[in-house]
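J.:
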Amino acid sequence: MASMDTLLPGVGLDDADGLLAADREGLLRSAALSGAQVRAAAVAADEGALAALSTARPRSLVLVARRGSALSAVETVCAAFSRQFAMPVVAADHAPTWVGPLDVVILAGDDAGDPVLVESVDRAVRHGCEVVVVAPDGGPLQAAGSGRAITLPPRVIVPDPFAMAGYIAAIATVLTAMEGALHDGVQMDLMACADALDHEALLNHPQRETYENPAKSLVEKVTNHRVVIAADSAASRAVASHASEIFVRIGGHLAPDADLAGVLSGLPVLASVSVPPGFDPLFHDPQLDGPPPIAPLRVLLLATSRDRAEAERRSALLRGNAVLVVPEHTADGKLPGVEHQQVLPRDGSRAFSAEGQSDRGKMKELCELMVLASRLEMAAVYVQMVGAH
Numbered sequence: 007m008a009s010m011d012t013l014l015p016g017v018g019l020d021d022a023d024g025l026l027a028a029d030r031e032g033l034l035r036s037a038a039l040s041g042a043q044v045r046a047a048a049v050a051a052d053e054g055a056l057a058a059l060s061t062a063r064p065r066s067l068v069l070v071a072r073r074g075s076a077l078s079a080v081e082t083v084c085a086a087f088s089r090q091f092a093m094p095v096v097a098a099d100h101a102p103t104w105v106g107p108l109d110v111v112i113l114a115g116d117d118a119g120d121p122v123l124v125e126s127v128d129r130a131v132r133h134g135c136e137v138v139v140v141a142p143d144g145g146p147l148q149a150a151g152s153g154r155a156i157t158l159p160p161r162v163i164v165p166d167p168f169a170m171a172g173y174i175a176a177i178a179t180v181l182t183a184m185e186g187a188l189h190d191g192v193q194m195d196l197m198a199c200a201d202a203l204d205h206e207a208l209l210n211h212p213q214r215e216t217y218e219n220p221a222k223s224l225v226e227k228v229t230n231h232r233v234v235i236a237a238d239s240a241a242s243r244a245v246a247s248h249a250s251e252i253f254v255r256i257g258g259h260l261a262p263d264a265d266l267a268g269v270l271s272g273l274p275v276l277a278s279v280s281v282p283p284g285f286d287p288l289f290h291d292p293q294l295d296g297p298p299p300i301a302p303l304r305v306l307l308l309a310t311s312r313d314r315a316e317a318e319r320r321s322a323l324l325r326g327n328a329v330l331v332v333p334e335h336t337a338d339g340k341l342p343g344v345e346h347q348q349v350l351p352r353d354g355s356r357a358f359s360a361e362g363q364s365d366r367g368k369m370k371e372l373c374e375l376m377v378l379a380s381r382l383e384m385a386a387v388y389v390q391m392v393g394a395h
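First residue of the sequence shown: 7, per our numbering; consecutive thereafter.
1. Do the CB positions of residue 102 and residue 95 come within less than 8 Å of each other?
2. To the nearest angstrom, how far is the alpha carbon of residue 82 from that of residue 178?
3. Whose C-alpha, out of 231, 24, 325 and 35, is nearest the C-alpha of residue 163?
4. Express the C-alpha separation of residue 262 and residue 318 in angstroms, rounding to a whole number.
5. Would you check if the region 102-117 and the region 69-76 touch, i.e. whether three or more CB-CB distances between them fall below 8 Å?
6. For residue 275, count neighbouring C-beta atoms within 10 Å of its own C-beta (all shown protein chains included) and say buried if the count is 16 or more, exposed if not.
7. The alpha helix (DSSP H) that contains residue 291, what's its start and end?
8. Could you give the C-beta distance for residue 264 and residue 236, rounded to a whole number, given that I count them as a contact under 8 Å?
9. How would you write the range of the beta strand (DSSP E) that residue 269 sits in, first residue to last?
10. Residue range of the alpha helix (DSSP H) that residue 238 falls in?
11. Assign residue 60 to buried or exposed, taking buried as 16 or more other Cβ atoms, counted over all protein chains shown, within 10 Å of its Cβ.
12. State the start and end residues of the unbroken beta strand (DSSP E) segment that holds residue 188.
13. DSSP on residue 105, reduced to helix/strand/coil?
14. Could you compute how far the alpha carbon of residue 400 sits from the alpha carbon of residue 200?
15. Using CA atoms only, rank isn't needed, just tell me which of 63, 99, 86 and 205 is closest to residue 107.
16. Closer than 6 Å by C-beta to residue 167: which residues in its own chain qualify, once you throw out the five before and the five after it? Chain order, please.
17. Please state the DSSP three-state secondary structure of residue 320.
18. Classify residue 258: buried if its beta carbon has 16 or more other beta carbons within 10 angstroms, exposed otherwise.
19. For residue 374, write down the residues that DSSP places opposite it in a beta bridge.
20. Got a sec? Which residues, its chain only, sit under 6 Å from residue 161 by beta carbon, not counting five neighbours each side?
21. Which parts of the region 190-220 are runs of the alpha helix (DSSP H), unbroken and 4 residues or longer, counting only runs that do not cross its ends?
22. Report the rounded CA-to-CA distance for residue 149 versus residue 43, giving the unit in angstroms.
23. Could you tell me which of 302, 301 and 320 sits nearest to residue 308, measuring between CA atoms?
24. Within its chain, find whatever has a CB closer than 6 Å to the CB of residue 384; leave out the 5 residues flanking it on each side and keep chain order.
25. Considering residue 28, what are the terminal residues of the alpha helix (DSSP H) in which it resides?
26. So if DSSP puts residue 66 in a beta bridge, which residue, or which two residues, is it bridged to?
27. What would DSSP say about residue 166, mapped onto helix, strand or coil?
28. Going by alpha carbons, who is nearest to residue 181 out of 215, 218 and 93?
29. Compare the C-alpha of residue 372 against each of 173, 323, 326 and 278 and name the closest.
30. Rounded to the nearest angstrom, what separates residue 105 and residue 85 at their Cα positions?
31. Taking 6 Å as the limit between beta carbons, can you name the residues of its chain near residue 157, skipping five residues before and five after?
32. What did DSSP end up calling residue 120 once you bin it into helix, strand or coil?
33. Within 10 Å of its beta-carbon, does residue 248 have 16 or more other beta-carbons around it, so buried, or fewer, so exposed?
34. Where does residue 8 land, buried or exposed, given buried means 16+ other C-beta within 10 angstroms?
35. Quick check: the Cα distance between residue 353 and residue 119, rounded to an integer number of angstroms?
36. Alpha carbon to alpha carbon, what distance is there between residue 391 and residue 32?
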């Protein structure tokens, strides 16, 4: 198999100096700051930013986000905690007219002048809601709160495509601040989650070679392929949708997201579309025969450790077109016909897993989802750097 340096027209994946030189906008650094965002949100909560919510016993929780990473964060939290919420939860793109003094409203976005969010903040505070604004300081949004809303501005500033972890952490701190917001004694150790994200960023560092770098390994697997990002649970599907958007916004690479059941039902068409008669990918050598007449299919199947066994079973039905992407950085128990991401640290240390941290239950799953999102965000940056379209 040819190396990535020969497969790609841009900078080689293992050319660390070339990657850094090509990163004129600092995207590699931004993609590595998920852990810092989570840690900053945890520190803000520890400093008492949400103390006013400690006695809140809300009738309902309303999460308002309109686009981008804020919307992805809301969808991920709602899916991950769907069975743990101890109150009705509504996700919307504006504050509903029925909100009142018994409701908590969280608004998230990257635009301090968004007119819909400004109107929503104004409505929520006028109706007597407890209001939390997760958005940059200043602008009409802050004026609409006028001292009546709790503000959680980001302390670690990154472009919106890389801000999902910060939004998730901010929402998690609000849930923690309200006693009884979640069933089953869900524990939220955001510092442990920040450590997991920092370790993921370390593994994805430009100086780590492809075989030991999860994000680079993904780029190698999607190069010269038609890519679908699939998942088999609502929470993983939310991350898949975020990854699809980031691949377009950052990588310039079309990678639609889909439910795994839909991919399986459409596999015969996906795998055979526009293939000329007589073409057999098994006997096609791109070095001798040139590029294939149509790029082969590659399905990135996202799963958390809870869903991994079922994802492995179902991905075997994808006829060798699947790459299973899981939070762990080693792959064991491989199944025939299923490709796993396997990245082994060169220093001989044990591979890091979010499962080994002190966070438990649904928080563990939420942390794993953030790790997957971080890896895919970094992969999208590498796609841009190397021009792997």
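Using N, Cα and C, we set each Cβ at its ideal position, and we do this for glycine too.
T.: So, to answer that:
1. Your numbering for residue 102 matches position 96 in the sequence shown. Your numbering for residue 95 matches position 89 in the sequence shown. No, the pair does not count as a contact, with Cβ atoms beyond the cut-off.
2. As a first step, residue 82 must be located in the sequence shown, where it is residue number 76. As a first step, residue 178 must be located in the sequence shown, where it is residue number 172. Taking the straight line joining both Cα atoms gives about 11 Å.
3. If you number the sequence shown from 1, residue 163 lands on position 157. Ranking 231, 24, 325 and 35 by Cα distance to residue 163 puts 35 first.
4. The residue you call residue 318 lines up with position 312 of the sequence shown. The residue you call residue 262 lines up with position 256 of the sequence shown. Those two C-alpha atoms are separated by around 21 Å.
5. They touch, by the three-pair rule.
6. Along the sequence shown, one-based indexing puts residue 275 at 269. An exposed status is given to residue 275, since fewer than 16 other beta-carbon atoms sit within 10 Å of its beta-carbon.
7. Numbered from its first residue, the sequence shown carries residue 291 at position 285. Element bounds for residue 291: n/a, residue is neither H nor E.
8. As a working mapping, residue 264 is identified with position 258 in the sequence shown. As a working mapping, residue 236 is identified with position 230 in the sequence shown. Contact check for residue 264 and residue 236: beta-carbon distance about 5 Å, within the 8 Å limit, so the pair qualifies.
9. Working through the sequence shown from its first residue, we reach residue 269 at position 263. Unbroken run through residue 269 is the alpha helix (DSSP H), 266-278; no beta strand (DSSP E).
10. Translated into positions along the sequence shown, residue 238 becomes position 232. Note, residue 238: premise wrong, no alpha helix (DSSP H); not H, not E.
11. Counting from one through the sequence shown, the residue named residue 60 turns up at place 54. Exposed, because fewer than 16 other Cβ atoms sit within 10 Å of the Cβ of residue 60.
12. For the purposes of this step, residue 188 is taken as the residue at position 182 of the sequence shown. Per DSSP, residue 188 is not a residue of any beta strand (DSSP E), being assigned neither H nor E.
13. Your numbering for residue 105 matches position 99 in the sequence shown. Residue state for residue 105 is assigned as coil, using DSSP reduced to three classes.
14. In this structure the chain extends from 7 to 395, so residue 400 is not present and cannot be described.
15. For this step, residue 107 is matched to residue 101 along the sequence shown. Each of 63, 99, 86 and 205 was checked against the Cα of residue 107, and the nearest Cα belongs to 63.
16. The residue you call residue 167 lines up with position 161 of the sequence shown. Around residue 167: 252, 255 and 256.
17. Counted from its first residue, the sequence shown places residue 320 at position 314. In the structure shown, residue 320 sits in a helix (DSSP, three-state: H, G or I).
18. Residue numbering aside, residue 258 sits at position 252 when the sequence shown is read from its first letter. With fewer than 16 other Cβ atoms from the protein chains shown falling within 10 Å of its own Cβ, residue 258 counts as exposed.
19. To locate residue 374, count along the sequence shown from 1; it is residue 368. Bridge partners of residue 374 according to DSSP: none are assigned.
20. Translated into positions along the sequence shown, residue 161 becomes position 155. Once the five neighbours on either side are set aside, the close Cβ partners of residue 161 are 46.
21. Unbroken alpha helix (DSSP H) runs of no fewer than 4 residues, entirely contained in the region 190-220, are found at 196-209, following chain order.
22. Translated into the one-based positions of the sequence shown, residue 149 becomes position 143. Translated into the one-based positions of the sequence shown, residue 43 becomes position 37. So the alpha carbons of these two residues sit roughly 25 Å apart.
23. Here residue 308 refers to the residue found at position 302 of the sequence shown. That would be 320, whose Cα lies nearest to the Cα of residue 308.
24. Residue numbering aside, residue 384 sits at position 378 when the sequence shown is read from its first letter. Cβ contact annotation for residue 384 (same chain, cutoff 6 Å, sequence separation greater than five): 37, 210 and 221, in chain order.
25. Your numbering for residue 28 matches position 22 in the sequence shown. For residue 28, the uninterrupted alpha helix (DSSP H) run begins and ends at 22-28, by DSSP.
26. Working through the sequence shown from its first residue, we reach residue 66 at position 60. DSSP lists 109 as partners of residue 66.
27. Reading the sequence shown from its first residue, position 160 is the one you call residue 166. In the structure shown, residue 166 falls within a helical segment according to DSSP collapsed to helix, strand and coil.
28. Stepping through the sequence shown from its first residue, residue 181 is reached at position 175. The shortest C-alpha separation from residue 181 is found at 93.
29. Locating residue 372 in the sequence shown gives position 366, counting from the first residue. Per the C-alpha coordinates, the member of 173, 323, 326 and 278 positioned closest to residue 372 is 173.
30. Numbered from 1 along the sequence shown, position 99 holds the residue referred to as residue 105. Numbered from 1 along the sequence shown, position 79 holds the residue referred to as residue 85. Going by C-alpha positions, residue 105 is about 22 Å away from residue 85.
31. Here residue 157 refers to the residue found at position 151 when the sequence shown is read from its first residue. Within the same chain, Cβ atoms closer than 6 Å to the Cβ of residue 157 are found at 139, the five residues on either side in sequence being excluded.
32. Indexing the sequence shown from 1 puts residue 120 at position 114. Coil at residue 120, not helix or strand.
33. Here residue 248 is taken as the residue at index 242 of the sequence shown, counted from 1. Counting the other Cβ atoms within 10 Å of the Cβ of residue 248 gives 16 or more, which makes it buried.
34. Stepping through the sequence shown from its first residue, residue 8 is reached at position 2. Note that residue 8 scores 36 on pLDDT, short of 50, meaning its location in the model is unreliable; the coordinates nonetheless yield the value given after this. Residue 8 is exposed by the Cβ-count criterion.
35. Working through the sequence shown from its first residue, we reach residue 353 at position 347. Working through the sequence shown from its first residue, we reach residue 119 at position 113. Any answer about residue 353 is weak, because its pLDDT of 41 lies below 50 and its placement is not dependable; what the coordinates show is given next. If you take the alpha carbons of residue 353 and residue 119, they lie about 48 Å apart.
36. Locating residue 32 in the sequence shown gives position 26, counting from the first residue. Locating residue 391 in the sequence shown gives position 385, counting from the first residue. Answer to the nearest angstrom: the Cα atoms are 11 Å apart.
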